[in-house]
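This note's numbering puts the first residue of the sequence shown at 54, with every later residue one more than the last. Take a look at the structure set out below.
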Amino acid sequence: MEYSEAKQKFIQAWGTLGSNWGINKAMAQIHALLLLATEPLSAEEIMEELQMSRGNVNMNLRALMDWGIVKKEHKVGERKEFFTTGKDVWDLAKQVSKERRRREIEPILNVLEEVQKVSGDNKKEVAEFKKVTGDLFDFSVKVDSMIDKFTKSDQTWFYKLLMKF
Numbered sequence: 054m055e056y057s058e059a060k061q062k063f064i065q066a067w068g069t070l071g072s073n074w075g076i077n078k079a080m081a082q083i084h085a086l087l088l089l090a091t092e093p094l095s096a097e098e099i100m101e102e103l104q105m106s107r108g109n110v111n112m113n114l115r116a117l118m119d120w121g122i123v124k125k126e127h128k129v130g131e132r133k134e135f136f137t138t139g140k141d142v143w144d145l146a147k148q149v150s151k152e153r154r155r156r157e158i159e160p161i162l163n164v165l166e167e168v169q170k171v172s173g174d175n176k177k178e179v180a181e182f183k184k185v186t187g188d189l190f191d192f193s194v195k196v197d198s199m200i201d202k203f204t205k206s207d208q209t210w211f212y213k214l215l216m217k218f
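Right, here's the structure in full:
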């Protein structure tokens, strides 16, 4: 397989995988392109390579920077902004985990904690509600703790943990 074909296949696959992770396809494709790039890329280069509009590229670059996985770089003598991403897969996995924790786990923990203060006339319904939401809260706390340990760990700890399974 030629490089250009392999590159396109990887970018498409990463885009599909990104959709499964809860980020849009264009965002994942931009990230894939930056992963493969040997030099920082400008928004124009990304637009041309991926055949995306300026608005789509700019919006998704901002989102990737919000996720903490893309950085803006300036080149001496250039007015354009250039973008790059880290190549370390372990660091990427930890950053994505931190961000998903912040965006998904923390908000649901807050809601589940708040709704535990429920009251009402129907004792059976209230008891069932508290049981179900309490169980979800306990599970979510365990997931949150696991993600916290993962994001603070090194590869050796993680792989040792996997080997126990």
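Heads up, the beta-carbon is just placed ideally off N, CA and C, and yes, glycines get one too. Note that this is a predicted model, so its numbers are computed, not measured.
Let's see if you can read the secondary structure: which residues bound the alpha helix (DSSP H) around residue i?
i, result
"lysine 213", "208-216"
"methionine 54", "First-last for methionine 54: undefined, no H or E at that position."
"tyrosine 174", "The question names tyrosine, but residue 174 is aspartate in the sequence shown. Run containing aspartate 174: none; DSSP gives neither H nor E here."
"aspartate 144", "142-153"
"glutamine 82", "78-89"
"methionine 118", "107-119"
"isoleucine 161", "159-168"
In or out: residue i buried (at least 16 other Cβ within 10 Å) or exposed?
i, result
"tryptophan 67", "buried"
"threonine 209", "exposed"
"glutamine 219", "Since the displayed the chain opens at 54 and closes at 218, residue 219 lies outside it and no answer follows."
"threonine 138", "buried"
"glycine 173", "exposed"
"glycine 71", "buried"
"alanine 94", "Going by the sequence as given, residue 94 is leucine instead of alanine. It counts as buried."
"leucine 214", "exposed"
CB residue i to CB residue j, shorter than 8 Å?
i, j, result
"leucine 86", "isoleucine 64", "yes"
"valine 110", "alanine 90", "no"
"leucine 117", "methionine 80", "yes"
"aspartate 197", "arginine 154", "yes"
"lysine 125", "glutamate 134", "yes"
"valine 179", "valine 171", "yes"
"serine 193", "leucine 145", "no"
"valine 129", "histidine 84", "no"
"tryptophan 120", "glutamate 167", "no"
"threonine 50", "lysine 60", "The chain is shown only over 54 to 218; residue 50 falls outside these bounds and no answer can be derived."
Bridge partners of residue i, per DSSP?
i, result
"phenylalanine 135", "Ser95, Glu126"
Under the assumption that residue i contacts residue j (Cβ atoms under 8 Å), give the Cβ distance between them as a whole number of angstroms.
i, j, result
"phenylalanine 203", "serine 150", "6 Å"
"phenylalanine 190", "glutamine 169", "7 Å"
"isoleucine 158", "isoleucine 99", "Not really, about 31 Å apart at Cβ, beyond 8 Å."
Is residue i close to chain D, meaning its C-beta is less than 8 Å from at least one C-beta of that chain?
i, result
"isoleucine 64", "Absence of chain D from the displayed structure is noted, only one protein chain being present."
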